[in-house]
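Peer 1:
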Amino acid sequence: MSTSTLTPPAEHAAAQAVPTRAARTPRRSRPAIGSQLFLVLLTIGFLAPVVWALLSAFKPANDIIRSPLTFAPSTFTLDNYIAMFTDVPIGSGFLNTGIVLVTKGAITLFFAPLAAFAFAKYDFVGKSLIFGTVLVTLMLPTIVLIIPLLLEMKELGWVNTYQALILPGAVDAFAIFWMRQVISAVPDELLDAARVDGCGEFGIFWRVILPVIRPGLAGLAVLTIMNIYNDFVWPVVVASSDRMATLQVVLSTLSQNITGNRIGADYATVTGELLAASSVALIPLLVLFIALQRHFINGILAGSVKG
4 MSTSTLTPPA
14 EHAAAQAVPT
24 RAARTPRRSR
34 PAIGSQLFLV
44 LLTIGFLAPV
54 VWALLSAFKP
64 ANDIIRSPLT
74 FAPSTFTLDN
84 YIAMFTDVPI
94 GSGFLNTGIV
104 LVTKGAITLF
114 FAPLAAFAFA
124 KYDFVGKSLI
134 FGTVLVTLML
144 PTIVLIIPLL
154 LEMKELGWVN
164 TYQALILPGA
174 VDAFAIFWMR
184 QVISAVPDEL
194 LDAARVDGCG
204 EFGIFWRVIL
214 PVIRPGLAGL
224 AVLTIMNIYN
234 DFVWPVVVAS
244 SDRMATLQVV
254 LSTLSQNITG
264 NRIGADYATV
274 TGELLAASSV
284 ALIPLLVLFI
294 ALQRHFINGI
304 LAGSVKG
C-alpha cells in the first residue's frame, strides 16, 4: 500500500528547505547610538568655528576682542563689512579668481577626461610607462615645482599675467587618474556599438563617454573649483602685483591693506574686517557644496565598482 505521508527525516528536510518569512526578510541593522553621537559631535566640532566667524563678523569690533564667545542680537551691525569693502580690494580679488576659476576649470574638465579616455580605452606603445609617469607627479610636493615653474614663466614673460595663473597645473595628474578610474567602468560594448554606427573616436568621447561619466565629472568639478578657489601658494608667487592678486592673496594681505588705508587701525578693527572678508569668501564655496553635494557624493562613488 502506497502512502504520500513523508517520513520524519523527509519532513525535517522539507522544513529546512522552505525558509520561514522571518528568515527571508533581511533585518536592517540600526546604527549604534554611540556612532550617531560621535558623528553629531564631529559635525559640531567642524561647524562651530564657521558659525562663530559668521556671527562675529556682525559684532562691533571691540566686542569681538572683549567677549568673543557671546553674541547679542541688539549689537548686530554691518560696520565690519562696510569698512572692509572700503579698505580691502576684495572685488578685484573675486574678479581675478572668477576669471582663473572659469578658464582653468574648463580646461581641466575637458582635457583631463580626454586624456583619461585614451588611457582607459586604448592600447598604445608606452601606455603603462606614460601613465606611471603621470602618477609619479602626484608624489612631488608643490613646493618642489614652484622654482622651475616660476623661471619658466619669467622666460615666457608671463609673470603677473592670467596665463601664469591658469595654464600651469590646468590638467593635473589627479584629475586624469580620477577620470581614468571612472571611464574604465564604462562597458566596451557601448564604444563598439558607436563605432558600428559610424561614430568617430572623438564623437564616441563626446556623445557616449561624457553622458555616462557625468556623476564622476560633477565630482571632479566640485574638487577642481575648491582647489582653484583656495589656491594660495602659486598665485602669491607668480602674481604679486595688486592688479593680479586673487582672492586668497588679497585675504593674506588684508591686515596690511587695512592698516595702510586707515590711520590708527587697531587689532580689533583688523580682526572685525578680517572676519567679514573671510565670511564673504566662504559663502560661494558653502553655497556650491550645498547645491552640488549630491553630485559630489555620486562622483566619489563613480567608478569604484566595475560592472
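Residue numbers for the sequence shown follow the working numbering, beginning at 4 and rising by one.
No residue lacks a Cβ here, since even glycine has one placed at the ideal position from N, Cα and C.
It should be emphasised that the depicted structure is a prediction, and the values quoted were computed from it without experimental measurement.
In this structure, does DSSP put Y125 in helix, strand or coil?
Peer 2: In the structure shown, Y125 sits in coil (DSSP, three-state: anything other than H, G, I, E or B).
Peer 1: Suppose contacts are defined by Cβ-Cβ distances below 8 Å. Is A94 in contact with T227 by that definition?
Peer 2: Note on identity: in this sequence residue 94 is Gly, with Ala being the wrong assignment. Result no, Cβ atoms of G94 and T227 do not sit closer than 8 Å.
Peer 1: Mapping the DSSP letters down to three states, classify N163 as helix, strand or coil.
Peer 2: Residue state, collapsed to three classes: coil.
Peer 1: If you run the structure through DSSP and keep just helix, strand and coil, what is S70?
Peer 2: coil
Peer 1: What's the C-alpha gap between F41 and I47?
Peer 2: 10 Å
Peer 1: Is L277 buried or exposed, if buried means 16 or more other CB atoms sit within 10 Å of its CB?
Peer 2: buried
Peer 1: Buried or exposed, going by whether 16 or more other CB atoms sit within 10 Å of the CB of F292?
Peer 2: exposed
Peer 1: Relative to the alpha-carbon of F177, which residue among G219, L153 and R198 has its alpha-carbon at the smallest distance?
Peer 2: G219
Peer 1: Take R24 and list the residues in its own chain whose beta-carbon comes closer than 7 Å to its own, dropping the five residues that flank it on each side.
Peer 2: Confidence is the limiting factor: at R24 the pLDDT is only 48, short of 50, which leaves the residue's position unreliable and the question unanswerable from this model.
Peer 1: Leaving out the 5 sequence neighbours to the left and right, which residues in its chain are closer than 7 Å to L2 when beta-carbon positions are compared?
Peer 2: Any question about residue 2 goes unanswered here, given that the chain covers just 4 to 310.
Peer 1: Whose C-alpha, out of T272, V147 and V174, is nearest the C-alpha of V236?
Peer 2: With distances taken between Cα atoms, V236 lies closest to V147.
Peer 1: Where do the ends of the alpha helix (DSSP H) carrying L81 lie?
Peer 2: Here L81 belongs to no alpha helix (DSSP H), and DSSP marks it neither H nor E.
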